[in-house]
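K.L.:
The following block contains the structure, expressed as structure tokens.
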Amino acid sequence: MLYWRFILATAVALATAAAQEFTGDGTGYVLGTPSSGNCNFMNVPKAVSTNYVALATERFAQTAACGKCIQVRCTDDKCKGATATEVLYVVDQCPGCAKDDLDFSRE
């Protein structure tokens, strides 16, 4: 597990050089398994089974986003004062989402 956290942190750190920041709405959804998303991964680390995300089709970019890690933070009034962030693994696209919206794993 520690090995995966290190890789995940490294992936996030490497991605920040070209990071984009945007604000949108998030909704929860459930995949049978993270490998059943549009990215069609054969195997994913166990942590991905509860920390996955689907990007809007426009940001998904025909699978170019597959396997990327994104960092999210709640800015809703319900989260007022919260500073915690989550790192999520892109495994799917969300055709019904507006450009800056995300579908999150429910866990």
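Numbered per mature numbering (1 follows the signal peptide of the UniProt record, and there is no 0), the sequence shown spans residues -19 to -1, 1 to 88.
Even glycine gets a Cβ: it sits at the ideal position worked out from N, Cα and C.
R87 to A42, Cα distance in whole Å?
P.N.:
Translated into positions along the sequence shown, residue 87 becomes position 106. Translated into positions along the sequence shown, residue 42 becomes position 61. Cα to Cα, R87 sits roughly 24 Å from A42.
K.L.:
What is the C-beta distance between Y33 and V72, in whole angstroms, given that I count them as a contact (C-beta under 8 Å)?
P.N.:
Here residue 33 refers to the residue found at position 52 of the sequence shown. Here residue 72 refers to the residue found at position 91 of the sequence shown. Yes, Y33 and V72 are in contact; Cβ-Cβ is about 5 Å, under 8 Å.
K.L.:
For a test of the three-state rule: what should DSSP assign to R54, helix, strand or coil?
P.N.:
To locate residue 54, count along the sequence shown from 1; it is residue 73. Looking at R54 - three-state DSSP - the assignment turns out to be strand.
K.L.:
Identify the residues that DSSP records as bridge partners of A42: which are they?
P.N.:
Within the sequence shown, the letter at position 61 stands for residue 42. A42 is not bridged to any residue.
K.L.:
So what's V11 in DSSP terms, helix, strand or just coil?
P.N.:
Numbered from its first residue, the sequence shown carries residue 11 at position 30. V11: coil per DSSP, three-state reduction.
K.L.:
Heavy atom of the ligand PLP less than 7 Å from the Cβ of A42, yes or no?
P.N.:
Within the structure as shown, the ligand PLP is missing, as the structure has no ligands at all.
K.L.:
So the beta strand (DSSP E) D84 belongs to, where does it begin and stop?
P.N.:
Position 103 of the sequence shown, counted from the first residue, corresponds to residue 84. Looking at the DSSP string, the run of the beta strand (DSSP E) that includes D84 is 83 to 86.
K.L.:
By the DSSP assignment, the beta strand (DSSP E) with C75 in it spans what residues?
P.N.:
Position 94 of the sequence shown holds residue 75. Where C75 is concerned, the enclosing beta strand (DSSP E) stretches over 66 to 75.
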